[in-house]
Amino acid sequence: MKYKIAIAIVAIVIIVVGVVSYLYLSSPAQTALTLNGSGATFPYPLLSVMISHYQTQKTNLQINYQSIGSGGGISALKSKTVDFAASDAPLTASDIASAPNTLHIPETIGAVTIAYNLPGIPSGLHLTGKIIADIFQGTITTWNDTAIESLNTNATLPEKTITTIHRSDGSGTTFIFTGYLSLSSQQWNTTVGQGKSVAWPIGIGSNGNTGVASTVNGTQYAIGYVELAYALQNGMTVAAIQNPAANWIQPSLTSTQSAVQSGAASGLPAGDASWVNVSLLNTPDANAYPIVSFTYLLAYKELNVIPQMTQERATTLVQFLWYVMHDGQQLASSLAYAQLPSNVVQIDEATIQSITFNGQHLPTS
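Numbering (this note's numbering), first residue to last: 5 to 369.
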């Protein structure tokens, strides 16, 4: 009899524990809320750290970001398979027609480096925009070409064929780089031009900033273009580029910030306007690195256009965007990205505050 009572008590305990566990695990406080984003690799080193830090403050939140390139992010935004996207290239008129009411939210500012693999040659090789364009167009084919040697009389350059490495995916980094080449070379501008994807005259394609960095590092006598954080993380040697003031400038946080100070001070559009004419390339500051750009988070102004969006998720997205533009900016400089200047933060604040769900504005905190 005592044995039967004991079994009954154990059974009751198991049932009670099971019910309590079910209620605990299924309660809203314990259900992970997920936001999905995808796009640019250019800001990924910073964005991933921002996401990690933010998630430590929001233990029931999971933010998934796929670093697939700006082109992929824009496509995902158009198809409404993500809650937000990231792109270093602002949306074109055609993009906006396919994704109306998309907001541009500058998240940070970075530099595109010209990285090379030349045994015995340290960082600081002098290159002009015109020479870089000629290299990627196949007009200059060897490292000891007289055009390069004349700018680097203190270096012994090898008589080796240059291998160019470019992005194979739709890329905002490519958009920035080819925009700079278009400003530097009339021939490049008329035959290749600027774009997230272009018809490369020569070279080897590689996926993402990580892929280009790895291919350049693994290929002797190669040259490619990667965002500054990737160059630093991969210990790459990078060129000093002549800026409009005729100074030779190596990419760094300081030279990026100099470009920001002279190029982002005023005249910027609102978040719901076009950003296609915004450029930080070749800014006039004497100490500015010439290949610098904003990179953007993209989100719909009215979030109920995204299937499965709820007011809770919409509020969470708005609050994450607010964090990126405020506390998240403190993480930028350690990764060689420039913090947003105050006037850009003010634009972002107004943009984020304009986001709605079912017509209702959402709290930012």
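Note that beta-carbon positions come from the ideal geometry of N, C-alpha and C, so glycine has one too.
Pick from THR38, PRO294, ASN281, SER256 that is closest to GLN246, judged by C-alpha positions: Within the sequence shown, residue 246 is the residue found at index 242, counting from 1. Scanning THR38, PRO294, ASN281, SER256 for the CA closest to the CA of GLN246 turns up PRO294.
For GLY76, three-class secondary structure by DSSP: Reading the sequence shown from its first residue, position 72 is the one you call residue 76. In the structure shown, GLY76 sits in a helix (DSSP, three-state: H, G or I).
With 16 other Cβ atoms within 10 Å as the buried cut-off, status of GLN333: As a position in the sequence shown, residue 333 is number 329, starting the count at 1. Buried, since its Cβ has 16 or more Cβ neighbours within 10 Å.
Backbone CA spacing between TYR382 and GLN198 [nearest angstrom]: Only positions 5 to 369 of the chain appear in this structure, which leaves residue 382 out of reach.
Cα-Cα separation, GLN254 to THR150: Within the sequence shown, the letter at position 250 stands for residue 254. Within the sequence shown, the letter at position 146 stands for residue 150. Using only the alpha carbons, I get a separation of about 22 Å.
GLN265 vs GLN191 beta-carbon contact at 8 Å: Here residue 265 refers to the residue found at position 261 of the sequence shown. Here residue 191 refers to the residue found at position 187 of the sequence shown. Not closer than 8 Å, so no.
Burial state of GLN261, where buried means 16 or more other Cβ atoms lie within 10 Å: The residue given as residue 261 occupies position 257 in the sequence shown. Result: buried.
Through-space distance from SER42 to LEU95, alpha-carbon basis: Your numbering for residue 95 matches position 91 in the sequence shown. Your numbering for residue 42 matches position 38 in the sequence shown. If you take the alpha carbons of LEU95 and SER42, they lie about 15 Å apart.
For ASN221, the three-state DSSP class (helix, strand or coil): As a position in the sequence shown, residue 221 is number 217, starting the count at 1. Residue state, collapsed to three classes: helix.
Same chain, Cβ closer than 8 Å to VAL202, neighbours up to 5 away in sequence not counted: As a working mapping, residue 202 is identified with position 198 in the sequence shown. The residues THR178, THR182, VAL196, in chain order, have a CB closer than 8 Å to that of VAL202 in the same chain once the five nearest residues on each side in sequence are set aside.
Cβ-based neighbour list, THR360, same chain, cut-off 6 Å, excluding 5 preceding and 5 following: On the sequence shown, position 356 is the one that residue 360 refers to. Correct list, in chain order: GLU306.
When HIS108, SER102, ASP87, SER83 are compared against ALA93, the one with the closest alpha-carbon: Position 89 of the sequence shown, counted from the start, is the residue given in the question as residue 93. Nearest of HIS108, SER102, ASP87, SER83 to ALA93, Cα basis: HIS108.
Ordered list of beta strand (DSSP E) runs contained in the region 184–223, each at least 3 residues: Counting only runs of 3 or more, we get 208–210.
Local conformation of HIS130 per DSSP, three classes: Residue numbering aside, residue 130 sits at position 126 when the sequence shown is read from its first letter. Under the three-state reduction of DSSP, HIS130 is assigned to strand.
Simplified DSSP assignment, three categories, for VAL309: On the sequence shown, residue 309 is found 305 positions in, with the first residue counted as 1. Helix at VAL309.
Assigned secondary structure, PRO273 (DSSP; H/G/I helix, E/B strand, else coil): In the sequence shown, counting from the first residue as 1, residue 273 sits at position 269. Coil.
Contiguous alpha helix (DSSP H) assignments of at least 4 residues, all confined to the region 139–167: Within the region 139–167, the complete alpha helix (DSSP H) segments of 4 residues or longer fall at 150–153, listed in chain order.
Which of helix, strand or coil DSSP assigns to VAL328: Taking the sequence shown and counting its residues from 1, one reaches residue 328 at position 324. The three-state reading of DSSP puts VAL328 in helix, counting H, G and I together.
Residue ranges of each beta strand (DSSP E) within the region 231–262, 3 or longer: For the region 231–262, the continuous beta strand (DSSP E) assignments of 3+ residues that do not extend past its boundaries occur at 244–246, in sequence order.
Beta-bridge partners of ALA303, as assigned by DSSP: Taking the sequence shown and counting its residues from 1, one reaches residue 303 at position 299. Answer is LEU107, bridged to ALA303.
Whole-angstrom distance between PRO123 and GLY73, CA atom to CA atom: Mapped onto the sequence shown, residue 73 falls at position 69. Mapped onto the sequence shown, residue 123 falls at position 119. Just so you know, the alpha carbons of GLY73 and PRO123 end up roughly 30 Å apart.
Residue from VAL349, VAL328, ASN362, GLY271 whose Cα sits closest to the Cα of VAL53: The residue you call residue 53 lines up with position 49 of the sequence shown. For VAL53, the closest C-alpha among the options VAL349, VAL328, ASN362, GLY271 is that of VAL328.
Local conformation of THR368 per DSSP, three classes: Numbered from its first residue, the sequence shown carries residue 368 at position 364. Taken through DSSP and simplified to helix, strand or coil, THR368 comes out as coil.
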